[in-house]
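Chains as they are written, first to last, in my numbering: chain A, 101 to 245; chain B, 101 to 245; chain C, 101 to 245; chain D, 101 to 245.
Backbone N, C-alpha and C define an ideal beta-carbon position, used for all residues, glycine too.
In what follows, a single structure is set out as structure tokens and then discussed.
There are 4 protein chains.
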Amino acid sequence: MSETPLIERIFQNAQFVQALGIELTAWGKGWCETRVKVVPSHRQQHGFIHAGVLMTLADHTCGGAAATTIPDGKDVITVENKISFLRPATGNELICLADVLRTGKNLVFTEAELSVQSDEGKVMVAKASSTLAVIPLKARVAADG
Amino acid sequence: MSETPLIERIFQNAQFVQALGIELTAWGKGWCETRVKVVPSHRQQHGFIHAGVLMTLADHTCGGAAATTIPDGKDVITVENKISFLRPATGNELICLADVLRTGKNLVFTEAELSVQSDEGKVMVAKASSTLAVIPLKARVAADG
Amino acid sequence: MSETPLIERIFQNAQFVQALGIELTAWGKGWCETRVKVVPSHRQQHGFIHAGVLMTLADHTCGGAAATTIPDGKDVITVENKISFLRPATGNELICLADVLRTGKNLVFTEAELSVQSDEGKVMVAKASSTLAVIPLKARVAADG
Amino acid sequence: MSETPLIERIFQNAQFVQALGIELTAWGKGWCETRVKVVPSHRQQHGFIHAGVLMTLADHTCGGAAATTIPDGKDVITVENKISFLRPATGNELICLADVLRTGKNLVFTEAELSVQSDEGKVMVAKASSTLAVIPLKARVAADG
């Protein structure tokens with residue numbers, strides 16, 4: 101088993117997350133912060149950041165936060181996500197902060213705030229909630245095999 | 101104003117949707133079908149298709165379905181999304197079918213099924229619901245400007 | 101252990117469901133239908149049926165549907181619910197039809213349609229999704245004790 | 101037009117809320133706190149507080165919070181709700197605190213925490229999010245008529 105913490109591997113080994121440029125910037129027990137520099141390929145048809153970018157960031161950051169709260173030999177996988185888009189998202193950088201609301205034996209409940217840096221400071225553009233299932237770590241190997 | 105239907109423009113002009121390889125494959129009044137060929141950069145850390153790819157597909161296909169039901173001079177933007185991941189998603193192609201549940205003056209309610217083609221036929225991997233707001237078409241121009 | 105099917109006990113033993121007048125009207129493997137006669141105490145401040153009545157009906161009917169798909173010795177409990185209110189709900193009777201989308205070892209995914217009978221026939225007023233956890237049947241005894 | 105604030109009328113005139121014993125206990129611009137004494141008729145089949153009671157409390161408290169942020173002559177109605185049940189809810193009293201995340205011209209985004217008082221202090225049992233539509237105040241009169 102690797103000595104790299106699970107949360108770091110969750111970001112390193114997720115190709116979609118790497119492809120979008122999402123970075124794990126800070127974390128502790130029960131929380132996770134990520135950032136992504138916004139590029140033209142993240143945009144939707146109105147020029148705003150696509151909902152899919154926001155949802156990917158929220159989902160993965162919630163997964164990261166959840167991963168910090170489970171026992172060794174376990175892993176997490178998303179059961180469901182909900183996200184509310186408070187306002188159209190523009191700007192050069194998205195910031196996501198996820199928190200664990202509760203970790204149980206089988207399920208982890210999390211939520212995330214997504215913000216952009218604007219001239220008026222940090223503005224929340226979306227709020228998400230995500231439920232994850234706790235699974236054996238070997239599930240990953242099986243899925244890769 | 102372009103003669104291209106709004107739904108086609110929604111897919112053509114969304115750079116994130118193009119970057120992921122999402123294709124609009126069929127549509128009619130109140131529904132929209134899309135497909136995406138799965139490539140390695142769509143994967144998460146277990147080798148499954150990333151939740152973010154599924155959510156992007158669901159969101160945009162719901163938007164497409166909604167766009168077929170609103171009056172000329174109007175456009176749609178996502179208010180909120182919820183998605184349940186029924187099983188890990190693997191396979192070469194994702195198919196999404198979105199339907200409008202109700203179109204009102206200000207809001208459109210939609211839902212979407214996401215499936216993969218497997219040896220045992222089409223298998224549903226996720227189910228989503230999405231609410232969209234009806235906005236003036238000029239909002240797009242303003243956002244682009 | 102009682103010979104009464106789990107789904108019937110779920111309705112008989114839920115005092116809140118009885119207090120609201122919710123009736124289990126039909127069910128089979130993977131689905132459940134319920135009805136409730138609308139009374140003045142179900143109303144909200146605009147005279148419509150309160151969202152809480154609709155959500156209670158959806159939640160419990162999803163639980164009923166889930167209960168028809170799990171092994172003996174198991175029970176279900178709600179993890180999360182989402183509901184979209186397509187239009188204000190009025191009328192004399194609410195009808196709810198819930199279906200299981202997938203039953204796994206630990207989780208059951210369900211959805212429900214809520215309709216009212218109107219002069220123009222059956223009209224859908226809300227659509228819900230609900231995730232349930234599969235738990236040991238004894239959890240109920242413990243909770244009662 | 102009444103001089104009673106909209107938020108107070110929303111609670112006074114909602115028969116279902118009165119029937120459940122829900123009380124508006126505190127509020128200010130952008131937030132709302134409510135409480136309900138738990139009685140046997142609030143229970144589900146395991147002896148826990150029914151999800152429907154929690155959802156009703158969350159929905160109405162979110163509506164109350166939203167009502168404090170809209171202009172005179174306007175009212176609110178729920179578009180959609182999502183709730184996560186972090187743990188089974190037991191206890192003598194439920195407390196709900198709702199906050200407005202953003203008020204727009206047509207939509208208000210809110211969230212709510214539901215807690216019970218236990219021997220170990222206040223424990224969060226559920227977390228909800230709710231989107232509301234801003235509607236003309238006269239809609240209420242029409243609905244009542």
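Pick from the options: whose alpha carbon is nearest that of residue i?
i                        : options                                : result
leucine 124 of chain B   : B:Gln145, B:Ala228, B:His142, B:Asp159 : B:Asp159
glutamate 213 of chain B : B:Leu194, B:Arg109, B:Leu106, B:Glu220 : B:Leu194
cysteine 162 of chain C  : C:Lys137, C:Ile110, C:Pro171, C:Glu220 : C:Ile110
lysine 174 of chain C    : C:Val234, C:Glu103, C:Leu157, C:Thr104 : C:Val234
lysine 238 of chain C    : C:Leu154, C:Glu108, C:Asp172, C:Lys137 : C:Asp172
glycine 191 of chain D   : D:Ile183, D:Pro236, D:Ser184, D:Gly221 : D:Gly221
leucine 186 of chain A   : D:Asn206, D:Leu157, D:Val136, D:Asp219 : D:Asn206
serine 230 of chain A    : B:Thr203, B:Ser184, B:Asp219, B:Ile122 : B:Ser184
For a quick check, are the C-beta atoms of residue i and residue j less than 7 Å apart?
i                        : j                        : result
valine 223 of chain C    : valine 216 of chain C    : yes
alanine 198 of chain A   : threonine 210 of chain A : yes
valine 200 of chain C    : alanine 165 of chain C   : yes
leucine 120 of chain A   : alanine 167 of chain A   : no
threonine 104 of chain D : cysteine 196 of chain D  : no
Whole-angstrom Cβ separation of residue i and residue j, contact assumed at under 8 Å?
i                         : j                         : result
alanine 228 of chain A    : asparagine 181 of chain A : 6 Å
isoleucine 170 of chain B : valine 179 of chain B     : So it is not a contact: roughly 14 Å between Cβ atoms.
leucine 154 of chain C    : alanine 189 of chain C    : 6 Å
Look up residue i in the DSSP assignment and give the residues it is bridged to.
i                         : result
glycine 128 of chain D    : D:Trp131
cysteine 196 of chain A   : A:Thr134, A:Leu214
methionine 224 of chain C : C:Ser215
alanine 233 of chain C    : C:Ile177, C:Leu207
lysine 182 of chain B     : A:Lys182, B:Ser229
glutamate 123 of chain A  : A:Arg135
isoleucine 149 of chain B : B:Arg143
arginine 202 of chain C   : C:Phe209
(request) Decide yes or no for the touch test of the region 130 to 148 of chain D against the region 145 to 158 of chain C: beta carbon pairs closer than 8 Å, at least 3 of them. (result) Cβ pair count under 8 Å is below three, so no.
(request) Decide if the region 130 to 138 of chain B is in contact with the region 106 to 115 of chain A; the criterion is three or more beta carbon pairs, one per stretch, under 8 Å apart. (result) No, the region 130 to 138 of chain B does not touch the region 106 to 115 of chain A.
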